[in-house]
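Numbering-wise, my numbering puts 9 at position 5 of the sequence shown, and it's gapless, one number per residue.
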Amino acid sequence: MAKFQPRGAQAEGNDDGLKEKMIAVNRVTKVVKGGRTLSFAALTVVGDGDGRIGMGKGKAKEVPVAVQKAMESARRNMVKVSLKNGTIHHNVVGEHGAAHVIMAPAPAGTGVIAGGPMRAVFEVMGVTDIVTKSHGSTNPYNMVRATLDALKRSTTPATVAAKRGKTVEEIFN
């Protein structure tokens with residue numbers, strides 16, 4: 005099975021102002037009575053640069069159609085993540101399958117220290133400073149899902165204070 009992973013493939017000419025990144029395109033085959041049927045599976049992420057992020061998969065006989073389906077799927081499945089000055093609020097861990105990711109906030113100027121599919125997620129969602137580490141599976145799909153799992157687990161100090169029935173100042177003291 006051939007695996008295509010284009011570097012920096014991005015289409016920004018949309019009217020909705022969302023950033024799009026293609027993470028992987030795989031050639032997949034289905035064996036039928038008459039032989040093999042070739043098709044392509046695409047994995048993409050879409051974000052607004054301000055904390056909203058979506059992941060999508062698409063499958064079609066041709067690459068552009070598969071990518072388009074993946075982009076539409078990503079637009080439909082967007083979630084909002086709270087950011088603080090271009091980074092996350094606290095250390096967080098996420099997992100999906102055998103992929104495990106660890107994320108930590110970083111001071112301004114650090115940059116995005118992340119590998120492969122995680123970097124694409126942070127670029128489209130507007131994270132400018134973060135330190136990450138991945139363990140286990142490096143499958144792009146599992147890594148993106150683990151990254152989104154970790155981001156969904158992150159909370160703001162205001163949310164924690166509201167759950168505990170305290171003020172934000174009391175939480176930090």
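Here a beta-carbon is modelled for each residue, glycine too, at the ideal position from N, C-alpha and C.
Residue i versus the options, residue with shortest Cα-Cα distance
i	options	result
residue 84	113, 94 and 52	52
residue 156	100, 166, 165 and 115	100
residue 70	104, 31 and 113	31
residue 109	55, 97 and 135	135
residue 29	66, 21, 23 and 50	66
residue 23	47, 137 and 56	56
residue 59	81, 72 and 41	81
residue 95	21, 173, 25 and 158	158
residue 131	40, 27, 88 and 47	88
residue 86	41, 162, 26 and 173	162
residue 105	133, 124 and 146	146
residue 133	121, 173 and 92	92
residue 27	42, 144 and 174	144
residue 72	25, 35 and 149	25
residue 148	42, 40 and 118	118
Per-residue burial, residue i [other beta carbons within 10 Å of its own, 16 or more giving buried]
i	result
residue 3	The question about residue 3 has no answer, for the chain in this structure spans 5 to 177.
residue 171	exposed
residue 139	exposed
residue 176	exposed
residue 167	exposed
residue 33	exposed
residue 121	buried
residue 36	exposed
Assumed close pair residue i, residue j - CB separation to whole angstroms, cut-off 8 Å
i	j	result
residue 90	residue 151	No, residue 90 and residue 151 are not in contact; Cβ-Cβ is about 17 Å, not under 8 Å.
residue 128	residue 50	6 Å
residue 62	residue 46	5 Å
Task: Contact between the region 111-118 and the region 72-84 (3+ Cβ pairs under 8 Å) - done: Too few Cβ pairs lie closer than 8 Å, so no.
Open item on the list: To test your reading of the DSSP string, which unbroken alpha helix (DSSP H) runs of 4 or more residues are found completely within the region 73-155?
Closed with: Here the runs fully enclosed are 121-129.
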